[in-house]
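Position one of the sequence shown corresponds to residue 4 (this note's numbering), numbered consecutively onward. Every residue gets a Cβ at the ideal spot worked out from N, C-alpha and C, and that includes glycine. Below is one structure, written out as structure tokens; the observations come after it.
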Amino acid sequence: NRAKYILAHRPDGFAVYSGDDPTAMELCLLGGDGDISVTANVAPRLMASMIESALAGKVEEAEAANNQLRGLHSELFIEPNPIPSKWVLSEMGIIRSDCRLPLVPLTDSGRTAVREACGMAGINL
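Structure representation (structure tokens):
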């Protein structure tokens, strides 16, 4: 696949990072160097654990963490980024709840879906 080709043909000293949380674990297991993550904004420890495990070749540990994060990987994009992430951080008390245009508040259905995904990742809001 494309990632394997890029990793095999990259110049010495050239780091390859994922920019797609749902596929970051696989890239790291193939020899990638990490992830530029949205999910890590709301689940930093679990995301770091998943990436560190994948980089170390600890497949089972990486998969266990990634399985917890799967819902967040998708639901944090249920509405335009960064609206869902900002809502979670607000619910955690990390940032204020107001937003300014062009951002708008997360919808009720979005809140329900994101809250459920947070619960699967061990984040209680």
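Report buried or exposed for residue i, applying the criterion of at least 16 other Cβ atoms within 10 angstroms of its Cβ.
i	result
E119	exposed
So residue i is in the alpha helix (DSSP H); what residue range does that whole segment cover?
i	result
K61	No alpha helix (DSSP H) contains K61, which DSSP labels as neither H nor E.
A11	R5 to H12
Please report the distance separating the alpha-carbon of residue i from that of residue j.
i	j	result
N69	M53	6 Å
K7	D101	43 Å
W90	M50	19 Å
S56	E64	6 Å
Could you round the C-beta distance between residue i and residue j to whole angstroms and report it? I think they count as a contact, below 8 Å.
i	j	result
D24	S40	5 Å
A43	G74	Not a contact, Cβ separation roughly 15 Å.
Tell me the DSSP secondary structure of residue i in three-state form.
i	result
S21	strand
D111	helix
G2	Lying outside 4 to 128, the shown extent of the chain, residue 2 is not represented and no answer is given.
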